[in-house]
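All remarks here apply to the structure that follows.
In my numbering, the protein residues as written are 21 to 171.
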């Protein structure tokens with residue numbers, strides 16, 4: 021680690037992963053046909069995916085990383101290129117396989133309890149985000165985008 025909490029190669033890999041997972045979600049939920057039939061709406065859905073899925077993914081992975089660093093471990097996000105390619109391929113068939121990468125933790129002094137807390141950090145934050153986005157959906161429904169994206 022170079023003294024920065026997040027290294028530049030992590031930022032690049034995270035950005036690639038976010039774009040790929042957001043595109044896969046958009047293809048699965050809006051349909052690949054929607055990209056050609058309704059390109060503007062597809063783009064709007066992609067932007068919504070970037071905000072919701074992208075933020076959820078980044079915050080999930082960074083939660084693991086920050087908690088690991090808190091416990092004295094070295095932690096680094098690494099995208100999984102084969103997982104990204106497979107995810108994009110199967111999304112064309114309406115299947116979502118989201119495995120864009122993970123935070124790898126390096127430490128010999130992490131206890132089982134600390135490892136459990138590190139592991140729970142990401143999913144716990146996703147639950148919090150779920151409630152936030154449910155509230156946002158109640159305040160500003162996005163059903164209109166779903167209605168014409170699904171045909």
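Idealized CB from N, CA, C, for every residue including glycine.
What is the rounded straight-line gap between the Cα of residue i and the Cα of residue j?
i           : j           : result
residue 169 : residue 58  : The predicted model places residue 169 with a pLDDT of 47, which falls under 50 and marks its position as unreliable; any figure quoted below should be read in that light. Approximately 7 Å, taken between the alpha carbons.
residue 32  : residue 131 : 31 Å
residue 60  : residue 88  : 41 Å
residue 21  : residue 117 : Any reading at residue 21 needs caution, since the residue's pLDDT is 49, under 50, leaving its predicted position unreliable; the model's value is listed next. Their backbone Cα atoms lie some 31 Å apart in a straight line.
residue 95  : residue 126 : 6 Å
residue 54  : residue 140 : 36 Å
residue 104 : residue 67  : 19 Å
residue 47  : residue 37  : 15 Å
residue 248 : residue 152 : Lying before the first or after the last residue shown, residue 248 is absent from the chain, which here runs from 21 to 171.
residue 30  : residue 157 : 31 Å
residue 56  : residue 160 : 27 Å
Are the CB atoms of residue i and residue j nearer to each other than 7 Å?
i           : j          : result
residue 100 : residue 76 : no
residue 14  : residue 84 : Absent from the structure is residue 14, since the part of the chain shown begins at 21 and ends at 171.
residue 108 : residue 44 : yes
residue 41  : residue 73 : yes
residue 112 : residue 26 : no
In chain order, what residues of the same chain have a beta carbon less than 7 Å from the beta carbon of residue i, not counting five sequence neighbours either side?
i           : result
residue 171 : Low per-residue confidence applies at residue 171: pLDDT is 49, beneath 50, and the placement is therefore not dependable, though the value from the model is reported in the following sentence. Taken in chain order, the list of residues that qualify is empty.
residue 145 : 79, 80, 83
residue 114 : 48
residue 128 : none
residue 154 : none
With a threshold of 8 Å on Cβ separation, who are the neighbours of residue i within its own chain once the five nearest residues in sequence on each side are excluded?
i           : result
residue 137 : 87, 91
Between residue i and residue j, how many whole angstroms is the CB-CB distance? I'm expecting something under 8 Å.
i          : j          : result
residue 97 : residue 34 : 6 Å
Completely contained beta strand (DSSP E) runs for the segment 45–126, where each covers 3 or more residues:
94–99, 121–126
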